[in-house]
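Have a look at the structure below before the remarks.
Number of protein chains: 2
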Amino acid sequence: MRKPIFMAGAIAASVFSLSPMLSAQEVSEKTIENAKTLRAAALRDNSAYDILESLTTEVGPRPAGSEADKLAIKWGIEKFKSLGFDKVWTEPVKHTGWARVLESAVVKSPFVQPLQITALGGSVSTPEGGLDAEIVHFNSFEDLQAAERSEVEGKIVFISNRMARTRDGSGYGPANIARRSGADETARKGGLAVLIRSIGTDSHRLPHTGQMAYAGDVEKVPAAALSNPDADLLERIFKRGKPVKISLRVETKDLGPIETANVIGEITGREKPDEVVVIGGHLDSWDLGTGAIDDGAGVALTVATADLIKRTIKERPRRTIRVIMFGAEEVGLVGARQYAEAHKDEIPNTHIIGAESDFGAGKIWALASKVSTNSQHVIDKMAQLMGPLGVIRAEVEAGGGPDVGRIGDKGMPVVDLKQDGTDYFDLHHTADDTLDKVDPEALRQNLAAWSIFAYIAAEWPGDFR
Amino acid sequence: MRKPIFMAGAIAASVFSLSPMLSAQEVSEKTIENAKTLRAAALRDNSAYDILESLTTEVGPRPAGSEADKLAIKWGIEKFKSLGFDKVWTEPVKHTGWARVLESAVVKSPFVQPLQITALGGSVSTPEGGLDAEIVHFNSFEDLQAAERSEVEGKIVFISNRMARTRDGSGYGPANIARRSGADETARKGGLAVLIRSIGTDSHRLPHTGQMAYAGDVEKVPAAALSNPDADLLERIFKRGKPVKISLRVETKDLGPIETANVIGEITGREKPDEVVVIGGHLDSWDLGTGAIDDGAGVALTVATADLIKRTIKERPRRTIRVIMFGAEEVGLVGARQYAEAHKDEIPNTHIIGAESDFGAGKIWALASKVSTNSQHVIDKMAQLMGPLGVIRAEVEAGGGPDVGRIGDKGMPVVDLKQDGTDYFDLHHTADDTLDKVDPEALRQNLAAWSIFAYIAAEWPGDFR
Chain A
1 MRKPIFMAGA IAASVFSLSP MLSAQEVSEK TIENAKTLRA AALRDNSAYD ILESLTTEVG
61 PRPAGSEADK LAIKWGIEKF KSLGFDKVWT EPVKHTGWAR VLESAVVKSP FVQPLQITAL
121 GGSVSTPEGG LDAEIVHFNS FEDLQAAERS EVEGKIVFIS NRMARTRDGS GYGPANIARR
181 SGADETARKG GLAVLIRSIG TDSHRLPHTG QMAYAGDVEK VPAAALSNPD ADLLERIFKR
241 GKPVKISLRV ETKDLGPIET ANVIGEITGR EKPDEVVVIG GHLDSWDLGT GAIDDGAGVA
301 LTVATADLIK RTIKERPRRT IRVIMFGAEE VGLVGARQYA EAHKDEIPNT HIIGAESDFG
361 AGKIWALASK VSTNSQHVID KMAQLMGPLG VIRAEVEAGG GPDVGRIGDK GMPVVDLKQD
421 GTDYFDLHHT ADDTLDKVDP EALRQNLAAW SIFAYIAAEW PGDFR
Chain B
466 MRKPIFMAGA IAASVFSLSP MLSAQEVSEK TIENAKTLRA AALRDNSAYD ILESLTTEVG
526 PRPAGSEADK LAIKWGIEKF KSLGFDKVWT EPVKHTGWAR VLESAVVKSP FVQPLQITAL
586 GGSVSTPEGG LDAEIVHFNS FEDLQAAERS EVEGKIVFIS NRMARTRDGS GYGPANIARR
646 SGADETARKG GLAVLIRSIG TDSHRLPHTG QMAYAGDVEK VPAAALSNPD ADLLERIFKR
706 GKPVKISLRV ETKDLGPIET ANVIGEITGR EKPDEVVVIG GHLDSWDLGT GAIDDGAGVA
766 LTVATADLIK RTIKERPRRT IRVIMFGAEE VGLVGARQYA EAHKDEIPNT HIIGAESDFG
826 AGKIWALASK VSTNSQHVID KMAQLMGPLG VIRAEVEAGG GPDVGRIGDK GMPVVDLKQD
886 GTDYFDLHHT ADDTLDKVDP EALRQNLAAW SIFAYIAAEW PGDFR
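Below, the structure written as structure tokens:
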């Protein structure tokens, strides 16, 4: 499908020379009326929840490259087709696969206590028979960095830093360095394995997984996360001041090269079919839960958005709305990177604007953008229409999200429909990421905001660049 | 230790003939002042939390008859001794042991979905290699009872009734019949195994265990509980109207005869050492969590209560305060029943009044009693002193709790210090029963109320019968 789009993009580029003039153009009264109609319809519409119910019930956990991932791709194609999308196709995504086999940990002394752990994505296995060793405690990754080799050598490392709860998820990045780089730092000092406190804000015995990576310049050691109550327990045991020994077993599997896909559906534009508004989320999930909030909700919302516009407004919007279910996001934004690379030449010409839903199923509270000064007024108008939904216009620059942001890197303007993520990291990457955590009313509010954005972006004739 | 107590009881009986006169007696000003001193001291005192921290950190899960149970008994003896209790001893408790080995369940068709389950206490194992069978859904135990044999025969049964959330835990009993009797009813109709929705009010992927029993008149079939999100998922799968097949594996172990103990510590009364006020909780826990709310909190609170009185009030109270850490509660109130049976002759003479803490670590909101009309005014005075803690006088009759209630059955008056159990069944019998769930401030409020009760009960000279 890439070639025709690229050619159309070349034609579109000439049309775009008109854009400064068009950008000054107000959003038409008719467009605003249609956006209000969509907003009202969305607040009565359960289609996003129904799509999410279908994905989590009929597919369930779907890590990239697994049998369930293949079923998810099939599900995505069927969902687009059954909803009557105008075009449906997949684009291949290549990566390497990894699977969890088993994991267990027990404190052996000074007290015997079983621990709830989960291997981090990409972790190697412990040696045959597991590891029995002393464990040494660091309050942070920085403390581990500052440690002498003699403190770590021949031991298992425990890093216990806590993630802060915030609405915007800003506690995640700083805490996450332990997950991303804890294994390498441990190996550099001769450590045997690393156990981190879960990167999560809850207090349940459900550890949080997530991708880690090896730099490749040092031995690969196993990496796993303790649930937060187990990390608390281990800290309390360390407070007794006695040597702590644990027994650790992690077994994982390198699946070698895998092929997965980005699944794409379009509502074709009536006037400018080759100009696309990109919306989407990621189809793959971690293996522990059923990927309801991460990111079934994002897939369901963006599919439902295009479908609602199609069902509610008589004529197709001026431009194409392209919904992308990205593949292999959890293992490194792989589907998005490969999409951005494959389409990099036409993105500046054809990818008008984009947004992603990948921060759970909480309500949207702000609209941020990274668009031309000339088109700010359109985003302002969208925010104004979202006002009754409790959405404000954010001053910060949009990033576009983990996947759509990669297309943004290639020159596509982006907006962020910012969700309240206060509780997101209670569930993120755990077995608890299941449908019961999703509030149908919050999904309807999301759908209303998304419909306003996607419809106006596709209908307004100007340029966001 | 039983004989001396019994003899002392006989002597006490003659003293008790004075009781109608003494019962009319007001609680003295000095006793009230001391109770107020205790209340104030308790609200600044973290000893209950510290004891609970010690038990959950140094012992952890302690199912009756396990190695950890033996450590818990040792811990209990040491705790009483280190706190300077006047007398410390154990009384043997005999029962049969059971242990969980492994458990797993996967929906095989129409969709593949792993399920989180846990075996119910006492369940037998599935046959070698597990069970692969169709599963049939009933909304309630009553629906299963009403079913034809042909609907159940050769199948696994799923009972999905939900437990209601209430402050007083009244939703537990009605829901629990599926746990208690689901296996027998399944077997009676030729079913292979039973899976119940967890008897719990949370929505986390942490199934609730709990004791089940076989009547013995029918084949024993395995029984396990699904976490609530998994029960939701299974219900959604059933809604598709297609046959549902699952693969179920439960492996458990009959440990044969075990010996555990009631661990008992006393603060000896200065005037009537053979008259005892009984307080306590149970020392054993389920194997999944560390038994923080069930019932480490009850043990910690009642130990701390006697200790606080000993530390705070210059002279020992008139009567003995006996703290009992009951053994083998989870598997059928075994320690309490054996205590009640062993002491049944002296209980009416020596066991003046009792109360139990076994409903989590929530705040106390009401004081109920089952005492003589002549001594109601003393309980009223206790409630009045607990008023500033947010405690009201309950109109309902006290039951004494699962363990102390068994001593009540033998003629001991009882009170209930009723805790707010709104969230108790979110954690009850799950891996999530851990220290982080306990609010130290709520424990201090409990300690204040318990100190008022135990001190006045031991100091007031009258009779509660």
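Quick note, the sequences are listed as chains A and B, same order. Take the first sequence: its letter number 329 is residue 329 in my numbering, and every next letter is one higher. Take the second sequence: its letter number 169 is residue 634 in my numbering, and every next letter is one higher. Glycine included, each C-beta is placed from N, C-alpha and C at the ideal position.
DSSP has residue i in a bridge; who is on the other side?
i                      : result
residue 325 of chain A : A:263 and A:281
residue 602 of chain B : B:623
residue 247 of chain A : A:106 and A:132
residue 252 of chain A : A:100
residue 583 of chain B : B:690
residue 211 of chain A : A:121
residue 257 of chain A : A:96
residue 193 of chain A : A:156
residue 785 of chain B : B:741
residue 857 of chain B : B:831
Provide the residue span of the beta strand (DSSP E) that contains residue i, from first to last.
i                      : result
residue 686 of chain B : Looking at the DSSP string, residue 686 of chain B is not in any beta strand (DSSP E), and its letter there is neither H nor E.
residue 819 of chain B : 816-821
residue 580 of chain B : 578-580
residue 90 of chain A  : 87-109
residue 664 of chain B : Segment: none, residue 664 of chain B is in no beta strand (DSSP E) and carries neither H nor E.
What residue does the alpha helix (DSSP H) around residue i start on, and which one ends it?
i                      : result
residue 337 of chain A : 334-342
residue 733 of chain B : Element bounds for residue 733 of chain B: n/a, residue is neither H nor E.
residue 640 of chain B : 637-653
residue 764 of chain B : 762-777
residue 47 of chain A  : 47-58
residue 383 of chain A : 376-386
residue 834 of chain B : Looking at the DSSP string, residue 834 of chain B is not in any alpha helix (DSSP H); the run it does join, the beta strand (DSSP E), is 829-835.
residue 294 of chain A : Neither: residue 294 of chain A is in no alpha helix (DSSP H) and is coded neither H nor E.
residue 589 of chain B : Note, residue 589 of chain B: premise wrong, no alpha helix (DSSP H); not H, not E.
residue 614 of chain B : 614-617
residue 929 of chain B : No alpha helix (DSSP H) holds residue 929 of chain B; DSSP gives it neither H nor E.
residue 935 of chain B : The structure shown has nothing for residue 935 of chain B, since chain B only spans 466 to 930.
residue 76 of chain A  : 67-82
Taking residue i and residue j to be in contact with their CB atoms under 8 Å, please state how far apart those CB atoms are, rounded to whole angstroms.
i                      : j                      : result
residue 612 of chain B : residue 654 of chain B : 6 Å
residue 118 of chain A : residue 207 of chain A : 4 Å
residue 64 of chain A  : residue 330 of chain A : 7 Å
residue 35 of chain A  : residue 452 of chain A : 5 Å
residue 865 of chain B : residue 873 of chain B : 4 Å
Can you pull the chain D neighbours of residue i, defined as C-beta to C-beta under 9 Å?
i                      : result
residue 203 of chain A : This model lacks chain D altogether; the protein chains it does include are A and B.
Counting beta carbon pairs with one atom in the stretch 784-801 of chain B and one in the stretch 729-749 of chain B, are three or more of them shorter than 8 Å? yes
Just checking, does the stretch 747-759 of chain B make contact with the stretch 885-902 of chain B on the three C-beta pairs under 8 Å criterion? yes
Jot down the residue ranges of each uninterrupted alpha helix (DSSP H) in the stretch 394-421 of chain A, minimum 4 residues, whole runs only, in chain order. Listed in chain order, the complete alpha helix (DSSP H) runs (minimum 4 residues) inside the stretch 394-421 of chain A are 404-408.
Closer than 8 Å is the cut-off here; do at least three beta carbon pairs connect the stretch 253-261 of chain A with the stretch 216-226 of chain A? Contact between the stretch 253-261 of chain A and the stretch 216-226 of chain A is absent, because fewer than three Cβ pairs lie under 8 Å.
Please determine if the stretch 774-782 of chain B and the stretch 758-766 of chain B are in contact, where contact requires at least 3 C-beta pairs separated by less than 8 Å. no
If contact is defined by three or more beta carbon pairs under 8 Å, each pair taking one atom from either stretch, is the stretch 382-398 of chain A in contact with the stretch 631-639 of chain B? Contact between the stretch 631-639 of chain B and the stretch 382-398 of chain A is absent, because fewer than three Cβ pairs lie under 8 Å.
Report the residue ranges of all beta strand (DSSP E) runs contained in full by the stretch 419-461 of chain A; include only those spanning at least 3 residues, in chain order. Taken in chain order, the stretch 419-461 of chain A contains no complete beta strand (DSSP E) segment of 3 residues or longer.
The stretch 225-238 of chain A in contact with the stretch 257-271 of chain A per 3-pair CB rule at 8 Å: With the cut-off at 8 Å, the stretch 225-238 of chain A and the stretch 257-271 of chain A do not touch.
Any contact between the stretch 672-684 of chain B and the stretch 647-664 of chain B? By contact I mean 3 or more CB pairs, one from each, below 8 Å. Verdict: yes, contact present.
Inspect the CB distances between the stretch 797-808 of chain B and the stretch 550-562 of chain B and report whether three or more fall short of 8 Å. yes
Can you find at least 3 beta carbon pairs, one from the stretch 149-157 of chain A and one from the stretch 189-206 of chain A, that sit closer than 8 Å? A contact exists between the stretch 149-157 of chain A and the stretch 189-206 of chain A.
Touching by the beta-carbon criterion (3+ pairs, under 8 Å), the stretch 345-355 of chain A and the stretch 119-132 of chain A: no
Under 8 Å: do the stretch 436-445 of chain A and the stretch 25-40 of chain A share three or more Cβ pairs, one atom per stretch? Under the three-pair Cβ rule at 8 Å, the stretch 436-445 of chain A does not count as touching the stretch 25-40 of chain A.
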